[in-house]
Amino acid sequence: MMRRQYFIAFIVLLFAVTLTGSVSAADTSCEVGVDVKYEYADDNSQINPDIQEVTDENGTRINFTRTFDPAANITKILFTYGNITNTTRFTIKVRAPGYRELSHTFQLTDYGTKYAAYLSLRMNATDAYRLGREITRKADKILNLTKTGDVLVITTAGTAYYRNQTSEDVLEGILNQARGRVSYGKGNLLMLRKTRLDPLDFAFIVRKGNDLIVAYFKNASMTPLYVGTVSQNMTLTQYQALQKKLGSDTFPIASLANAWAIGLSPDILREAAFHGHVCLGTISGYAMIETLLKYYPATN
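Below, the structure written as structure tokens:
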């Protein structure tokens, strides 16, 4: 009779373990504080890191929730994990625009009620992002962009390749280094259509009185190829000097710069940049589209 009672008790215990899991396999609460710093210190307040994934030592992805602690100014990762010890290894992958993906392996410490860790990470900029930052900084020294209200940037970044890689990060670098003075919303960042094999060029233009001054950088060089006027009222000698330096890019840069200066809408400027320059075709084409949309609006 006693054996039967023990057997029944064993079956009940086995059934309970099957339903709830063994004590050793119980999920444990885990918390990871992630403090990300960037190569460019002012990005610490501009860029939010993106936690791509957390994996265990077997490469298994772990479901986690992410919160931001404003008091500590860190991102917190919360998850549960079974059979965890102080030697269990985890890997976190972090991404941020303009920066190389970071993979970091870590261990958690047992604090009684939970396992936790604090990670202080530093991310390095991509070559393209660094170029966008540094060439904007160089243009600022030449043209004093920080004290100029009217700024225009025309570049082949985004289409032309840089060191055999796409160059979108260059645009990110320009935007962050310009600190709000240049943006897509303001219509003063224009991407000049080129192919991936064309040189990576930059034209930084500022308005000074009635004059437009350009600092033109050719093929990602940090030394400007030309600094001077690009205004519509330039003399023939000035235009010839500009053409000697800019070559086939003279009319695209000059037409876009002067159209921007007289207040042509950002829509037309972007269309013209994609077309390659401002001309009667781009203006009349835009006018025809606007007319069609006004008098013959799209319907379902």
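One point on numbering: in numbering that gives the first Met the number 0, the residue at position 123 of the sequence shown is 122, and numbering is uninterrupted. Glycine included, C-beta positions come from ideal geometry on N, C-alpha and C.
Determine the DSSP secondary structure at residue i, reduced to helix, strand or coil.
i: residue 30; result: strand
i: residue 103; result: strand
i: residue 23; result: Because residue 23 carries a pLDDT of 43, less than 50, the predicted location of this residue cannot be relied on, and the following value inherits that uncertainty. Coil, per DSSP.
i: residue 66; result: strand
i: residue 287; result: helix
i: residue 137; result: helix
i: residue 42; result: helix
i: residue 127; result: helix
i: residue 295; result: coil
i: residue 145; result: helix
i: residue 132; result: helix
i: residue 61; result: coil
i: residue 162; result: coil
i: residue 92; result: strand
i: residue 112; result: coil
i: residue 221; result: coil
i: residue 157; result: coil
i: residue 50; result: strand
i: residue 214; result: strand
i: residue 83; result: coil
Output yes or no for whether 7 Å exceeds the beta carbon distance between residue i and residue j.
i: residue 26; j: residue 79; result: yes
i: residue 183; j: residue 202; result: no
i: residue 131; j: residue 83; result: no
i: residue 300; j: residue 107; result: The requested residue 300 does not occur in the structure, where the chain is confined to residues 0 to 299.
i: residue 168; j: residue 127; result: yes
i: residue 152; j: residue 188; result: yes
i: residue 104; j: residue 90; result: yes
i: residue 281; j: residue 271; result: yes
i: residue 150; j: residue 180; result: yes
i: residue 118; j: residue 33; result: yes
i: residue 231; j: residue 257; result: yes
i: residue 186; j: residue 170; result: no
i: residue 147; j: residue 205; result: yes
i: residue 197; j: residue 159; result: yes
i: residue 135; j: residue 177; result: yes
i: residue 29; j: residue 161; result: no
Determine the direct distance from the alpha carbon of residue j to that of residue i, and round the result to whole angstroms.
i: residue 23; j: residue 31; result: Caution is warranted here: a pLDDT of 43 is assigned to residue 23, below 50, making its placement in the model unreliable, and the coordinate value is therefore given only provisionally. Going from the Cα of residue 23 to the Cα of residue 31 covers about 22 Å.
i: residue 155; j: residue 199; result: 6 Å
i: residue 145; j: residue 224; result: 22 Å
i: residue 254; j: residue 277; result: 5 Å
i: residue 297; j: residue 264; result: 22 Å
i: residue 63; j: residue 77; result: 5 Å
i: residue 250; j: residue 289; result: 26 Å
i: residue 236; j: residue 193; result: 28 Å
i: residue 70; j: residue 35; result: 15 Å
i: residue 102; j: residue 123; result: 12 Å
i: residue 217; j: residue 246; result: 11 Å
i: residue 54; j: residue 42; result: 27 Å
i: residue 308; j: residue 59; result: Residue 308 falls outside the range modelled here, since the chain spans only 0 to 299, and no answer is possible.
i: residue 207; j: residue 239; result: 21 Å
i: residue 287; j: residue 294; result: 11 Å
i: residue 233; j: residue 260; result: 14 Å
i: residue 129; j: residue 222; result: 15 Å
i: residue 56; j: residue 93; result: 17 Å
i: residue 262; j: residue 244; result: 27 Å
i: residue 283; j: residue 164; result: 36 Å
i: residue 88; j: residue 195; result: 42 Å
i: residue 266; j: residue 285; result: 9 Å
i: residue 81; j: residue 38; result: 36 Å
With a cut-off of 7 Å, does the C-beta of residue i fall near any C-beta of chain B?
i: residue 118; result: Looking at the structure shown, chain B is missing, and only one protein chain is on hand.
task = Could I get the ranges of all uninterrupted beta strand (DSSP E) runs contained in the segment 164-210, with 3 residues as the minimum, in chain order?
result = 188-190 and 201-207
request  = Any chance you could list the beta strand (DSSP E) runs of at least 3 consecutive residues sitting entirely within the segment 223-292, in chain order?
outcome  = 225-228
inquiry  = Assess contact between the segment 96-105 and the segment 33-48, defined as three or more Cβ pairs (one per stretch) separated by less than 8 Å. Is contact present?
reply    = yes
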